[in-house]
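Enquirer: Quick one: structure below, then a few questions.
Protein chains: 2
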Amino acid sequence: MSSIVLGMGNGKAMFGDEKVSDADLITLVDPNGLNINAFDLSVLRGDGIFEATTVWKGYPVSLENHLRRLAQSAAMVDLPKPNFDAITRGVEQVIDAYDDPEPGPLLRIIVSRGLDPDTGVGKASDRTPTVFIFLDAKGTLHETDPITMASMTRGYPSDITERAPWLLNGAKTLSYAFNCAVHRECARRGVGDAVLYTEDGYTLECPNSSIVARYGDTFVTPDPSIGILNGTSQRELFAWARQEGKSIEYRKLPIAELREADRLYMTHGGWVIPVNEIDGRTLDYSADEIAQANEAIHSGRTHDDALSIGPDYRY
Amino acid sequence: MSSIVLGMGNGKAMFGDEKVSDADLITLVDPNGLNINAFDLSVLRGDGIFEATTVWKGYPVSLENHLRRLAQSAAMVDLPKPNFDAITRGVEQVIDAYDDPEPGPLLRIIVSRGLDPDTGVGKASDRTPTVFIFLDAKGTLHETDPITMASMTRGYPSDITERAPWLLNGAKTLSYAFNCAVHRECARRGVGDAVLYTEDGYTLECPNSSIVARYGDTFVTPDPSIGILNGTSQRELFAWARQEGKSIEYRKLPIAELREADRLYMTHGGWVIPVNEIDGRTLDYSADEIAQANEAIHSGRTHDDALSIGPDYRY
Chain A
118 MSSIVLGMGN GKAMFGDEKV SDADLITLVD PNGLNINAFD LSVLRGDGIF EATTVWKGYP
178 VSLENHLRRL AQSAAMVDLP KPNFDAITRG VEQVIDAYDD PEPGPLLRII VSRGLDPDTG
238 VGKASDRTPT VFIFLDAKGT LHETDPITMA SMTRGYPSDI TERAPWLLNG AKTLSYAFNC
298 AVHRECARRG VGDAVLYTED GYTLECPNSS IVARYGDTFV TPDPSIGILN GTSQRELFAW
358 ARQEGKSIEY RKLPIAELRE ADRLYMTHGG WVIPVNEIDG RTLDYSADEI AQANEAIHSG
418 RTHDDALSIG PDYRY
Chain S
118 MSSIVLGMGN GKAMFGDEKV SDADLITLVD PNGLNINAFD LSVLRGDGIF EATTVWKGYP
178 VSLENHLRRL AQSAAMVDLP KPNFDAITRG VEQVIDAYDD PEPGPLLRII VSRGLDPDTG
238 VGKASDRTPT VFIFLDAKGT LHETDPITMA SMTRGYPSDI TERAPWLLNG AKTLSYAFNC
298 AVHRECARRG VGDAVLYTED GYTLECPNSS IVARYGDTFV TPDPSIGILN GTSQRELFAW
358 ARQEGKSIEY RKLPIAELRE ADRLYMTHGG WVIPVNEIDG RTLDYSADEI AQANEAIHSG
418 RTHDDALSIG PDYRY
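Structure, rendered in structure tokens:
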């Protein structure tokens, strides 16, 4: 049974114009084997980008928005443009090879800059990006139990992204050592996750999630132009909220105001997860509401609307 | 001929107390082959640490200071303590397998947190760090031609490291996407390298180097407690300067003052490289002085003194 499917992608087709047949697009390999060269820039430098979502009963949640964000990350780190058609076909091949009863395995698309041209092994390479796609039913899967949260500084002022694009704020890179460190800090503090804020007190995002606050009938999330990811699951939640007759809003959101929200939602990987405590303050949540939002997202009901939601449609 | 040597290390011996024979310490593998699993945390998260130096005619420059810094990085990212003896023996085995005429190949020691326990492949693993060591004569090697430099903001205030240890400032992690982005920004601006500074105007370091300024007979470098790496080659240069009767100084160094230095030195990987321009201002340098410093460092003359040099011997 294939509970974990790992496909090595054709970098020239997925990040270039090379047309290849399905047979040459993805090579399925043993997930437990050795499949990456030690001089790959993913290994040596975390120099690459990725996207992650859930495949629910064969349907890759928000795939198009994930590919658009992958394209944005690629532009920010000077990688070639992703070929949406080739990557989508690759994702389909990986999904086709999956046959575990688990309905919601995790999908990840990983792209590195290829072999490091500053090493002897990479020097002669043609700088083709390394691409691989996996589907995994056996790792940690999402749960919708409410989680506790602490706020922590990200260390940057809110205007830094415009002034210093080399910080790559807003690109989803493979350099996640900081994000991992925040989660270890959460474990030390005995909380489930963290929400980051700027030195001047504005809400950013969680280490691998977006944050949405609810005030009455209005759902609010930080404007991504502050230097955070443009949330894919967050846009699905916004689409659901709008379908339910609520208002949605992108803006600069003071962390002090976030702490006073009526409800808080953490969104990532195709899921909405309720937050029941922030910085020690208890928050109300509705398991029914969460179940309805996730059901709408996983069934594809919110997909089309989510494609046109954004702060000012720049994303 | 072995111009590139890649050895996969025994993680239980190198990051634990397991005693193993030399035969079980390092496994030499084909550098051009597949040698890493795709679910390794180096690949997926840049979640690991490393050190890099030059092996000059068989002598690994500053190895003990590199291992001390590796231990400091390990502590900062909650990895087990490195076993200096096992890693040193592993480095020796890799050096023994090298037989290219190039006298100064690059050595790198790479450590990741192992397979990702949040994936199906990593879930059952025992969280042994992945370790590999390579020696490479065929990649980009150091040169001592003078380079031009531009200063850029790091986005952080100078007091952030103490307040937010989860930023991992001062740890040498595998998450180098930012460092790579700074180098691409340098290429766009037509300069050789960058020196970073804090939002309140204090000098930090270069993306993969330390910076040393000379004012008369005093060599000055930023105090690492500001949240930068404790430079290994920088300490070798300080040891040389002191042997030559000069003064050395660690302190908070305003970027404005750096720009007014008599001379500037970039140090990394066992080398001192002169800077001949910063932010458009031309700087004097002496090729003789640079050659003498590098000769002293590569011959091991500065090694012992460099071990006891530091801002206040905390490092």
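Chains A and S are the protein sequences, given in the same order.
Quick note, the numbering used here runs 117 ahead of the 1-based positions in the first sequence.
Quick note, the numbering used here runs 117 ahead of the 1-based positions in the second sequence.
Idealized CB from N, CA, C, for every residue including glycine.
Only a predicted model underlies this, so the values are computations on that prediction, with no experimental measurement involved.
At a cut-off of 7 Å, is I426(A) close to the ligand SAM when judged by its beta-carbon and the heavy atoms of the ligand?
Expert: The ligand SAM is not among the ligands present in this structure, which contains no ligands whatsoever.
Enquirer: In this structure, does DSSP put G333(A) in helix, strand or coil?
Expert: Residue numbering aside, residue 333(A) sits at position 216 when the first sequence is read from its first letter. Of the three classes helix, strand and coil, the one that applies to G333(A) here is coil, per DSSP.
Enquirer: With burial defined as no fewer than 16 other Cβ atoms inside 10 Å of the residue's Cβ, what is the status of M118(A): buried or exposed?
Expert: In the first sequence, the residue the question calls residue 118(A) occupies position 1. Burial call: exposed.
Enquirer: What residues from the region 247-270 of chain S come within 9 Å of chain A, judged by C-beta to C-beta, listed N to C?
Expert: Hits within the stretch, in order: F249, F251, D253, A254, K255, G256, T257, M269, T270.
Enquirer: According to DSSP, is A190(S) helix, strand or coil?
Expert: Start at 1 with the first residue of the second sequence, and residue 190(S) comes out as number 73. Reading off the sequence shown, one finds Ser at residue 190(S), where the question assumed Ala. Helix, per DSSP.
Enquirer: Straight-line CA distance for L187(S) to K289(S)?
Expert: As a working mapping, residue 187(S) is identified with position 70 in the second sequence. As a working mapping, residue 289(S) is identified with position 172 in the second sequence. Roughly 8 Å between the two C-alpha positions.
Enquirer: Quick one, which residues of the region 309-329 of chain A are near chain S if we go by CB-CB under 9 Å, in chain order?
Expert: Flagged, chain order: A311, E316.
Enquirer: Interface residues of chain A around L196(S) at Cβ under 9 Å?
Expert: Your numbering for residue 196(S) matches position 79 in the second sequence. Correct list: empty, because the minimum Cβ distance to chain A is about 11 Å.
Enquirer: Here's the rule: buried if 16 or more other CB atoms are within 10 angstroms of the residue's CB, otherwise exposed. What is A254(A)?
Expert: On the first sequence, residue 254(A) is found 137 positions in, with the first residue counted as 1. Buried: at least 16 other Cβ atoms inside 10 Å.
Enquirer: In the DSSP assignment, what residue or residues form a beta bridge with W388(S)?
Expert: Here residue 388(S) is taken as the residue at index 271 of the second sequence, counted from 1. DSSP lists H385(S) as partners of W388(S).
Enquirer: Considering only residues of the same chain and omitting the five flanking positions on each side of P197(S), which have a CB-CB separation below 8 Å?
Expert: Reading the second sequence from its first residue, position 80 is the one you call residue 197(S). F132, G133, A191, P246.
Enquirer: Count the other CB atoms, across all protein chains shown, that sit within 10 Å of the CB of S364(A); report buried if there are 16 or more and exposed otherwise.
Expert: As a working note, residue 364(A) is residue 247 in the first sequence. S364(A) is exposed by the Cβ-count criterion.
Enquirer: Within the 8 Å Cβ cut-off, does Y432(S) reach chain A?
Expert: Sequence index remark: in the second sequence, residue 432(S) carries index 315 (1-based). Confidence is the limiting factor: at Y432(S) the pLDDT is only 41, short of 50, which leaves the residue's position unreliable, though a coordinate-based value still follows. Taking Cβ atoms only, chain A never reaches closer than 8 Å to Y432(S), which makes this a no.
Enquirer: Chain C partners of K240(S), CB-CB under 9 Å?
Expert: Looking for chain C here will not work: the only protein chains present are A and S.
Enquirer: Taking a cut of 9 Å between CB atoms, which residues from the region 145-177 of chain S lie near chain A?
Expert: V146, P148, N149, G150, L151, N152, I153, N154, A155, F156, D157, L158, S159, V160, L161, R162, G163, D164, G165, I166, F167
Enquirer: Within the region 138-217 of chain S, note down every full alpha helix (DSSP H) run reaching 4 residues or more, in order along the chain.
Expert: Listed in chain order, the complete alpha helix (DSSP H) runs (minimum 4 residues) inside the region 138-217 of chain S are 158-162, 180-193, 201-213.
Enquirer: Spatial neighbours of F156(A) within its chain, please: CB distance less than 7 Å, with the 5 preceding and 5 following residues excluded, ordered by chain position.
Expert: Within the first sequence, numbered from 1, the residue matching residue 156(A) stands at position 39. Counting only Cβ-Cβ distances below 7 Å, and skipping sequence neighbours, we find L232, D233, T236, V238, G239.
Enquirer: What's the call for D429(A), buried or exposed, on a 16-neighbour Cβ count within 10 Å?
Expert: Position 312 of the first sequence, counting from 1, holds the residue named residue 429(A). The residue is exposed, with fewer than 16 neighbouring Cβ atoms inside 10 Å.
Enquirer: Can the beta-carbon of V228(S) be found closer than 8 Å to that of F295(S)?
Expert: Taking the first residue of the second sequence as 1, we reach residue 228(S) at position 111. Taking the first residue of the second sequence as 1, we reach residue 295(S) at position 178. No, the pair does not count as a contact, with Cβ atoms beyond the cut-off.
Enquirer: According to DSSP, simplified to helix, strand and coil, what is F132(S)?
Expert: Locating residue 132(S) in the second sequence gives position 15, counting from the first residue. Here F132(S) sits in coil by DSSP.
Enquirer: Identify whether G126(A) lies in helix, strand or coil by the three-state DSSP scheme.
Expert: The sequence position of residue 126(A) within the first sequence is 9, counting from 1. Here G126(A) sits in strand by DSSP.
Enquirer: Identify the contact partners of S292(A) in chain S, using a Cβ-Cβ distance below 7 Å as the criterion.
Expert: For the purposes of this step, residue 292(A) is identified with residue 175 of the first sequence, where counting begins at 1. Going along chain S in sequence order, the residues near S292(A) (Cβ under 7 Å) are G163, S292, Y293, A294, F295.
Enquirer: According to DSSP, is L246(A) helix, strand or coil?
Expert: Taking the first residue of the first sequence as 1, we reach residue 246(A) at position 129. The amino acid occupying residue 246(A) in the given sequence is Pro; Leu does not appear at that position. In this structure, P246(A) counts as coil in the three-state DSSP scheme.
Enquirer: As a quick exercise: from E181(S), P218(S), D195(S), I212(S), pick the residue whose alpha carbon is nearest that of D202(S).
Expert: By one-based count along the second sequence, residue 202(S) stands at place 85. D202(S) has its Cα closest to that of E181(S), out of E181(S), P218(S), D195(S), I212(S).
Enquirer: Would you tell me roughly how many angstroms separate the C-alpha atoms of T257(A) and G207(A), rounded to the nearest one?
Expert: In the first sequence, residue 257(A) corresponds to position 140, counting from 1. In the first sequence, residue 207(A) corresponds to position 90, counting from 1. For T257(A) and G207(A), the distance between alpha carbons rounds to 23 Å.
Enquirer: Closer than 8 Å, CB to CB, is A188(S) near chain A or not?
Expert: For the purposes of this step, residue 188(S) is taken as the residue at position 71 of the second sequence. For A188(S), the answer is no, since every Cβ of chain A falls outside 8 Å of its Cβ.
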